[in-house]
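Be aware that the sequence shown starts at 1, since it is given in UniProt numbering, and climbs by one per residue. Every residue gets a Cβ at the ideal spot worked out from N, C-alpha and C, and that includes glycine. Here the structure is a predicted model, which means the values were calculated and not measured. Remarks on the structure that follows.
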Amino acid sequence: MNRLMEYLPEFYHDIVDLVELTQVESQELIEVQEAMDRLLDDQFVLSASEQAIKRREKMLGIQADPQTESLEFRRKRLINRYSTKPPFTMRYLQQRLDFLVGSGMTLVGVDHANYVLTVTANIDNADVFKEVERTVSVIKPANLIYRQKTSLGDVIAFQEEISARPINWVYKLDGTWRLGDKAFTELGPEVTVK
């Protein structure tokens with residue numbers, strides 16, 4: 001089938017060179033169209049070729065055996081692997097952080113107007129803090145900025161005490177006192193006043 005001849009004027013239809021040229025080019029255009037269709041089909045697991053399935057298995061770290069496993073089974077396995085990944089939502093992030101840190105120890109919030117993800121956590125262990133940071137960076141969308149807030153609960157107690165200590169000045173200005181021989185002052189015992 002020569003699809004290109006119909007685009008040429010009538011007087012070219014009798015020239016043998018143009019007829020042959022358009023037949024060859026028509027075949028090449030059919031091959032290009034088939035390659036484009038194959039490329040589109042390879043974007044989806046259900047219609048992908050064996051080469052595309054093999055590439056996806058390599059990306060997921062699946063060791064497939066083409067001699068014992070059918071192409072349909074390999075497709076089903078890929079779909080299963082893709083569908084078992086949880087959706088990355090605030091609820092899922094909160095569940096992961098509750099699992100890592102403890103229930104009620106973290107609070108996840110999003111400022112939608114400024115695209116800021118804030119995680120407030122009561123973490124005093126450096127290893128847990130690093131794991132929380134890694135988990136958030138894996139789960140959060142790329143358009144959000146991650147901001148960590150620390151909320152450590154602690155009690156501060158004050159104890160007030162007033163004490164006095166008498167000071168005895170040792171130096172004399174009459175020339176008998178020498179620098180470095182004795183201290184300037186001697187402190188007496190500390191006495192608690194209140």
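For residue i, tell me which candidate among the options has the shortest Cα-Cα distance.
i	options	result
VAL170	GLU186, VAL155, ILE156, ALA157	GLU186
PRO166	GLU10, GLU160, ASN114, PRO189	PRO189
SER146	SER70, VAL110, ILE62, ASN168	Reading off the sequence shown, one finds Tyr at residue 146, where the question assumed Ser. Of the candidates SER70, VAL110, ILE62, ASN168, the one whose C-alpha sits nearest the C-alpha of TYR146 is VAL110.
ARG3	LYS194, PHE129, GLU57, GLN23	GLN23
LYS149	ALA142, GLN95, PHE129	PHE129
GLU25	TYR7, ASP37, GLN51, ASP127	TYR7
ASN80	GLU57, VAL191, ASP65, ILE15	GLU57
LYS182	ASN168, LEU40, VAL191	ASN168
VAL193	TYR82, VAL32, ALA164	ALA164
ARG38	GLN159, LEU173, GLN51	GLN51
LYS76	HIS112, ASP65, LEU46, ALA113	LEU46
MET59	GLY180, TYR82, ASP65	TYR82
GLU141	VAL155, PRO87, TRP177	Residue 141 is actually Pro in this sequence, not Glu. Ranking the options by Cα distance to PRO141, first place goes to PRO87.
Taking Cβ positions, are residue i and residue j nearer each other than 8 Å?
i	j	result
LEU93	ILE139	yes
GLU72	LEU100	no
Taking its Cβ as the centre, do 16 or more other Cβ atoms sit within 10 Å of residue i, making it buried, or is it exposed?
i	result
ARG74	buried
Thinking residue i and residue j are a contact (beta carbons under 8 Å), I'd like their distance in whole angstroms, please.
i	j	result
residue 217	VAL119	An answer regarding residue 217 cannot be provided, because it is not within the stretch 1 to 194 covered by the chain.
LEU78	ILE53	7 Å
LEU97	THR135	7 Å
ASP42	ALA35	Not a contact, Cβ separation roughly 10 Å.
MET5	VAL16	Their Cβ separation, rounded to whole angstroms, is 12 Å, which puts MET5 and VAL16 out of contact at 8 Å.
Could you say if the segment 99-107 and the segment 119-133 meet the contact criterion of at least three C-beta pairs nearer than 8 Å? yes
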